[in-house]
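**Q** Each residue of the sequence shown is one higher than the last, beginning at 7 in the working numbering.
Heads up, the beta-carbon is just placed ideally off N, CA and C, and yes, glycines get one too.
Everything numeric in this text was worked out from a predicted model, so none of it was measured.
Below you will find the structure I want to go over with you.
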Amino acid sequence: MSQHSYPAMSAGRPVRIVMGYDRALRGFYLLVERADDADGGFLYCNLDDPALADCLGLPATLGYFVGKLRALGLPIWQSVLDAVQADRRNQVGNRDVRYDANGQVLG
């Protein structure tokens, strides 16, 4: 499973957006974690989204998640989308990439 994450703000609260490709299950995922929640609460989790029940929460394209991030008023970086799509094309697993708030890869 690949993982790409970056910080953002939602309604004045810090969140961490995590998306990637699950190689074993052959689908994409998206989490929006509340960064200031000690219990690790989620603003959004693909596995809890009833609209994705037919694909077990793991759609074959990123389009749905782009719409979801827009609906939540959260930034979407093309650099992240391109990297996640490349993970699918190349069947990448065990990859963890972190970005800054502007979509630039960190160190």
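Buried or exposed, going by whether 16 or more other CB atoms sit within 10 Å of the CB of M15?
**A** As a working mapping, residue 15 is identified with position 9 in the sequence shown. M15 comes out exposed.
**Q** Spatial neighbours of G109 within its chain, please: CB distance less than 8 Å, with the 5 preceding and 5 following residues excluded, ordered by chain position.
**A** Counting from one through the sequence shown, the residue named residue 109 turns up at place 103. Taken in chain order, the residues that qualify are Y12, P81, W83, Q84, S85 and V86.
**Q** Considering only the alpha carbon of each residue, which of R104, V111, R94 and M25 lies closest to V72?
**A** Taking the first residue of the sequence shown as position 1, residue 72 is located at position 66. Here the closest residue by C-alpha is M25.
**Q** In angstroms with no decimal places, state the Cα-to-Cα distance between Y70 and R76.
**A** Taking the first residue of the sequence shown as 1, we reach residue 70 at position 64. Taking the first residue of the sequence shown as 1, we reach residue 76 at position 70. Cα-Cα distance, rounded: 10 Å.
**Q** Taking the C-alpha atoms as reference points, what is the distance between G46 and I23?
**A** Taking the sequence shown and counting its residues from 1, the one referred to as residue 46 is at position 40. Taking the sequence shown and counting its residues from 1, the one referred to as residue 23 is at position 17. Distance between the alpha carbons of G46 and I23: 13 Å.
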